[in-house]
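For reference, the structure discussed in these notes is given below.
Residue numbers (this note's numbering): 14 to 350.
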């Protein structure tokens, strides 16, 4: 599938973490169209499909932060379950009206998470595409529901659905409620670095540009009906991630008093139902589609820390009052800070 001349319609509601300015460089590109709207709006989705006649739908839209799903699960059910249903149903109706050749080329790529598989023990094998689902948070459960809907639409209606389940993403432009940007920015400002529980919860980390490359590979060469796990081959305990960030911040932007950023680490009360370990077996996508991550964790993290240091205006623009209120509610109350 050629991509150089492809047109893209970006359909996004722009909730608290959305930022149209992230893609301002594309404003003058006639191949790019932005439409603000809700994926639960079936009429608008149908209108956009009729108007733009896409050859593929890439479904990234999701509420995605576990902590927020614990406090307010309703939004996750609405967006991740109801929204996915609306997209699938409208895609099915649109696809049914295409010519035979167009139907054969069409793809619906559903982007999901490793959290649908539940939690692993220290010695358990990594998640494969056939691992049983065992979601443990409202976020994970809502994504599991969306995965099942996507599978059902392929099995029942023949809609050419592809599903990907990825590990923790990180990189430039990530909203600073997530672990890595939160720790970078707090370290820069000399603020406490809140770490849940004992800090030994393990995640696999995937640099965002590697994830994008994997998505392209699945879209171009994946088999409809199949699932592909996407991982960075970079399992790390949370406390290891935080200390690595501290080292890079101290190297690139030493504190004026000469103190080490790791002194800011503050252990806070663990969140409810915190999964102990995730690990992704990404051998299928490597074997069948020839994808592997270009970045290891050390190189990707270095690029990420440098990006946040070099973009203070972007950071300032996304730290609204709503963001500050959330941080106070979720972290400060846990630690008494």
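Backbone N, C-alpha and C fix where the C-beta goes; we use that ideal spot for every residue, glycine too.
Rounded to whole angstroms, what is the Cα-Cα separation between residue 324 and residue 316? 12 Å
Neighbourhood of residue 223 by C-beta, 7 Å cutoff - its chain only, sequence neighbours within 5 removed: 245, 306, 307 and 308
As a quick exercise: from 201, 226, 219 and 41, pick the residue whose alpha carbon is nearest that of residue 313.
219
Self-check item: Between the CA atoms of residue 32 and residue 25 - distance to the nearest angstrom
Solution: 10 Å
TODO: Tell whether a beta-carbon distance below 9 Å holds between residue 258 and residue 211.
DONE: no
Quick one, are the C-beta atoms of residue 198 and residue 189 less than 9 Å apart?
yes
Would you identify the three-state DSSP class for residue 14, choosing helix, strand or coil?
Bear in mind that a pLDDT of 45 at residue 14, under 50, signals an unreliable position, so the number given afterwards is only what the model happens to contain. Residue 14 falls in the coil class under three-state DSSP.
**Prompt:** CB-CB under 6 Å to residue 47, same chain, minus the five flanking residues each way: which ones, in chain order?
**Reply:** 23
Q) With residue 137 and residue 179 assumed to form a contact (beta carbons below 8 Å), what rounded beta-carbon distance in angstroms separates them? A) That belief does not hold up - the Cβ atoms of residue 137 and residue 179 are roughly 19 Å apart, past 8 Å.
*asked:* On a Cα-Cα basis, can you pick out the residue from 62, 183, 201 and 119 that is closest to residue 99?
replied: 62
* Asked: Is residue 149 closer than 9 Å to residue 18 when the C-beta atoms are compared?
  -> no
On the DSSP letters alone, give me the boundaries of the beta strand (DSSP E) that residue 186 sits inside.
Note, residue 186: premise wrong, no beta strand (DSSP E); not H, not E.
Q | Residue nearest to residue 39 in terms of C-alpha spacing, selected from 28, 53 and 20 | A | 20
For this session: Please check the pair residue 96 and residue 74, which I expect to be a contact at CB under 8 Å, by giving their CB distance rounded to whole angstroms.
Result: 6 Å
Counting Cβ pairs closer than 8 Å, one from the stretch 158-166 and one from the stretch 221-236, do we hit at least three? no
_Going by C-alpha to C-alpha distance, which of 147, 256, 293 and 41 sits closest to residue 205?_
256
If residue 217 and residue 292 are in contact, beta carbons under 8 Å, what's the gap, nearest whole angstrom? 5 Å
- chain B beta carbons: is any one of them nearer than 9 Å to that of residue 306? Note that chain B does not occur in the displayed structure, where there is just one protein chain.
Limits of the unbroken alpha helix (DSSP H) element including residue 240
Residue 240 -> not in any alpha helix (DSSP H); beta strand (DSSP E) instead, spanning 240-243.
Euclidean distance between Cα positions of residue 329 and residue 321 = 11 Å
- Query: Using CA coordinates, which residue listed in 310, 299, 44 and 203 is at the minimum distance from residue 279?
  - Reply: 203
Exercise. Can you pull the DSSP bridge partners for residue 390?
Worked result: In this structure the chain extends from 14 to 350, so residue 390 is not present and cannot be described.
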